[in-house]
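Notes to accompany the following structure.
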Amino acid sequence: MVRSLDRLIRPKSIAVFGGKEARRVIFQCDKMGFSGEIWPVHPREDEILGRKCYRSVADLPGAPDASFVGVNRELTIGIIRDLSARGAGGAVCYASGFREAVSELADGDDLQKALVEAAGDMPILGPNCYGFINMLDGALLWPDQHGMLRIDKGVAVLTQSSNIACNISMQQRGLPLAYILTAGNQAQTGLADLACAVLEDPRVTAVGLHIEGFDSLESLERLALRSRELKKPVVTLKVGKSEQAQLATVSHTASLAGNDAVSSALLSRLGIGRVETLPELLETLKLLHVAGPLPNHDISSMSCSGGEASLMADAGVKRKVNYRDLKDFQRQPLRETLGQMVTISNPLDYHTFVWGNREKQTDAFTTMMKGDYGLNLVVLDFPRLDRCDAADWITTCHAVIDASNASGANAGIVASMGENMPEATAEMLMQNGVVPFYGIEEALAAADVAAGIGEAWSKPQSAPLLKAAAGEGETVTLSEHEAKQALAAHSLPVPQGLTAETAEAAADAAETLGFPVVLKGLGVAHKTEAGAVKLNLANRDAVMEAANAMAGVASGFLVEKMVGKPVAELIVGAMRDPVAGPVLTIGAGGILVELLEDSAILTLPTDEKAIREALSGLKIAKLLNGYRGGPKGDIDALVAAVASAASYVVSNASIIEELDVNPIMVLPAGDGVVAADALIRLRKNP
């Protein structure tokens, strides 16, 4: 159920319940110039901060749009029930002691269920939640200090953590904060639903989420779609990078596809950006507020120091940003402006010959910005204002502003150290459409993310994610032969093979297939480690000897035709993520799985274009493309094989727990691929 949050987050009337915290809410609303009605509710006080107190919800002059409920957890439930019955617009549940405290309070889970039931159709935030700050309207259901100012337009930041919200409110980076909202336990209303609500405000330009866990895949998809429709980007700081999938597994797939890797793939598919740190989140939001998603990953860098140029170049190595060469038409004008001693390149060290000269700096910066870069950066660290004169630095700022206006290009000024840009300067730059970046790493992270969103939005909307509830029955593991036959039914190429129960029967099967053959022991998970694989057996005696040697660990035998020497070996796997459902893993296979840690995640359903893009990003792609004169692999056949595995997973989405095809042997171009080994675990419904 999607509840309207409009009255709650943009209220015209506010009711406050409680003592100290409620008083702080009234104080903050008065301080920030809230123009609506505020109704304190208290059982004993006659007035609070000059306002008449009411004794109960029933005594209020009307149904409040928003309510701050700052009483204990038991009283909270009754007040929420009364507000819902009165037709209120929504409430913030400040009290703790609900599901987040279940290890200390046995009734925490029951009380949270009772709270949600009491709310009914009325939206609530929390419990265990500070509430929110709306600086567009001066409406603060917020019982604490903050560092924000009234603004007309800006970004929204949402988090489960009230303390993180407090910290963000104190930023001094020039970021215009329109909303800060906290969700606490997300008992009823999750961050994605809140984000959808603030996106609808025409005064909001972009949204940042600090996420501890996804509350709903459907809400996240709805947020991504609305973000794209409104052209208002969303960026996330998803914590939990070290968390791994807690699945009992007998394959390599789960070790490659931990929850964090799936989260990144999911967000990428949806066109939602992802950053690693809070500073990166704030710097990315500044860029998105000013410029929106970037058209490409190409950036230019300018500085008056070779050292700064080197720092910029090195910081770009680990990112997708591209310091593309200058175009021919840019070189001569730059030479004429900067002089013969300047090396014309990107990053550009323009030396100090034009330092303090606004006209010449503007000419140089304008020429650079006409190169169709997604973002143009100028590195500029300010001197201490309490000890130094920054007049020439301000001249450079105005030259960047002039050049951006003249070229129509996206521009930013980067302080290599965050403390080296005054807040007032950052605010001035933002007001003039130039992004003030605090830190080189943060600036490039912002460019990377903004270009990634732009790239995602330039493509057709992805198909809805595969949604399939997991089966509830016992998990069974198919034999390798059974797994291969199931995959072959979806057109995945597998070797010609026969099963046998005895060594004698295995030798007979080998003669039927024709030598050389591979002999494998059935019923063994990791065959190589157990000695249950023998390759290139050339005659009947060799098969008999190998079968007798592995008889103690195998329940039977699989005999297959030997496959030719591959160009490369890959793994294709699938696992069930708790949020995203079945997802596909592709990467370097065979003995290189853990050694290279070279893999990519594909959310489902997928298509051949996405498969090709994922394969091209792998380290093993060099082998596939003919490394050092070697043969090229049959990439078309590999793409088709991955698509076949994806088809099998989609068709069996409700019962599949795990798929592991390792290795897929990629033969030279034109010769195809072969799935040399396969494991499937299914959950059979009772």
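So in UniProt numbering, spot 224 of the sequence shown is number 224, and the numbers just go up one at a time.
Each residue gets a CB set at the ideal place from its N, CA and C atoms; glycine is no exception.
Being a predicted model, the structure only gives us computed values, none of them experimental.
- Short of 7 Å from the beta carbon of S219, and not among the five residues preceding or following it, lie these beta carbons of its own chain, in chain order: G190, A192 and D193.
- Cβ neighbours of V642 within its own chain (closer than 7 Å, five residues either side excluded): V572, I586 and I611.
- By the criterion of a C-beta distance shorter than 6 Å, A542 is surrounded by no residue of its chain, once the five residues flanking it on both sides are discounted.
- Just so you know, the alpha carbons of N357 and C388 end up roughly 19 Å apart.
- Bridge partners of L375 according to DSSP: I299.
- With the rule of 3 Cβ pairs closer than 8 Å, the segment 42-55 does not count as touching the segment 69-82.
- In the three-state reduction of the DSSP assignment, E455 falls in the helix class, which pools H, G and I.
- A straight line joining the alpha-carbon of S404 with that of K632 spans about 46 Å.
- Along the segment 506-540, the alpha helix (DSSP H) occurs as fully enclosed runs of 4 or more residues at 527-530, listed in sequence order.
- Contact between T352 and C304 holds: their C-beta atoms lie close to 5 Å from each other, under 8 Å.
- Distance from the Cα of G33 is smallest, within the candidate group L679, N322, L136 and N296, for L136.
- Burial state of A415 is buried, judged by a 10 Å Cβ sphere holding 16 or more other Cβ atoms.
- Within the segment 533-583, the beta strand (DSSP E) runs of at least 3 residues that lie entirely inside it are, in chain order, 533-537, 556-561 and 568-577.
- Residue range G273 to V275 is occupied by the beta strand (DSSP E) that includes R274.
- The beta carbon of P123 is closer than 6 Å to those of R3, L5, L8, G90 and T189 in its chain, skipping five residues each way along the sequence.
- For S416, there is no enclosing beta strand (DSSP E), since its DSSP letter is neither H nor E.
- Under DSSP, the beta-bridge partners assigned to M665 are E569 and V674.
- Leaving aside the five residues that flank L535 on each side, the residues in its chain whose CB is nearer than 6 Å to its CB run, in chain order, V518.
- With distances taken between CA atoms, Y130 lies nearest to C166 out of C166, F437, L115 and H297.
- When DSSP states are grouped into helix, strand and coil, E608 belongs to the helix group.
- The three-state secondary structure of W39, taken from DSSP, is strand.
- The beta-carbon separation of E276 and A446, rounded to 12 Å, does not stay under the 8 Å limit for a contact.
- Between the beta-carbon of A574 and that of L659 there is about 4 Å, and that keeps the pair under the 8 Å contact cut.
- In this structure, the alpha-carbon of A486 lies about 24 Å from that of L465.
- Per the C-alpha coordinates, the member of N376, N652, M417 and G408 positioned closest to F382 is M417.
- The beta carbons of G273 and R228 sit no closer together than 8 Å.
- Going by C-alpha positions, R51 is about 11 Å away from F27.
- The segment 201-220 makes contact with the segment 138-157: 3 or more CB pairs, one atom from each, lie closer than 8 Å.
- Every beta strand (DSSP E) of 3 residues or more that sits fully in the segment 44-82 is shown, in chain order, as 66-70.
- In the structure shown, the three-state DSSP call for V2 is coil.
- Looking only at G514, T499, L513 and N539, the smallest Cα-Cα distance to K520 is reached by T499.
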